[in-house]
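Asks: Handing you this structure, nothing more for now.
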Amino acid sequence: MTLTLDNQSQIRESSLTQALRQIQELNSKIQELEQHHQDYVRSQQNLIRAIAEICISPIQEVQALRILIYRGEAACRQYLRSLLIKQSQTPV
């Protein structure tokens with residue numbers, strides 16, 4: 245009887261230890277995801293600032309935002325680079 249109780253308590257303790265380890269792993273993954281999200285938000289804020297600085301007309305800003313929304317960050321940055329090149333080639 246004592247052996248059975250000890251065995252059952254060891255099994256419970258083992259499963260509790262395993263559950264605790266899984267909870268710790270999940271918490272670690274949550275922290276990692278939160279960090280990635282914060283980095284993403286910062287990146288998007290920087291991109292929005294760049295749009296405001298580079299675009300010289302409201303139409304360009306709208307176009308840049310449309311590209312950002314529908315085609316993504318890389319395409320938006322490419323559009324902004326093309327604007328900068330055009331601006332540098334335009335005589336003042």
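Per the working numbering, the sequence shown runs over residues 245 to 336.
Glycine included, every Cβ here is placed at the ideal spot set by N, Cα and C.
1. Taking all protein chains shown into account, decide if ILE329 is buried (16 or more other Cβ within 10 angstroms of its Cβ) or exposed.
2. Considering only the alpha carbon of each residue, which of SER332, GLN268, LEU260 lies closest to ILE298?
3. What separation, rounded to the nearest whole angstrom, lies between the Cα atoms of GLU257 and ASN251?
4. Would DSSP call GLN282 helix, strand or coil?
5. Among ILE303, ILE274, LEU260, ALA308, which residue has its Cα nearest to the Cα of ALA294?
6. In this structure, how does DSSP classify THR261 when only helix, strand and coil are distinguished?
7. Just the C-alpha distance for GLN268 and THR261, rounded to the nearest angstrom, thanks.
Replies: On the basis of the data shown:
1. Your numbering for residue 329 matches position 85 in the sequence shown. In the assembly as shown, ILE329 is an exposed residue. Its beta-carbon has fewer than 16 other beta-carbons within 10 Å.
2. Walking along the sequence shown from the start, residue 298 turns up at place 54. Nearest to ILE298 by C-alpha distance, out of SER332, GLN268, LEU260, is SER332.
3. On the sequence shown, residue 257 is found 13 positions in, with the first residue counted as 1. On the sequence shown, residue 251 is found 7 positions in, with the first residue counted as 1. Those two C-alpha atoms are separated by around 10 Å.
4. By one-based count along the sequence shown, residue 282 stands at place 38. In the structure shown, GLN282 sits in a helix (DSSP, three-state: H, G or I).
5. Counting from 1 along the sequence shown, the entry for residue 294 is found at position 50. Residue ALA308 is the option with its Cα nearest to ALA294.
6. Against the sequence shown, residue 261 aligns to sequence position 17. If DSSP states are grouped into helix, strand and coil, THR261 belongs with the helices.
7. To locate residue 268, count along the sequence shown from 1; it is residue 24. To locate residue 261, count along the sequence shown from 1; it is residue 17. About 11 Å.
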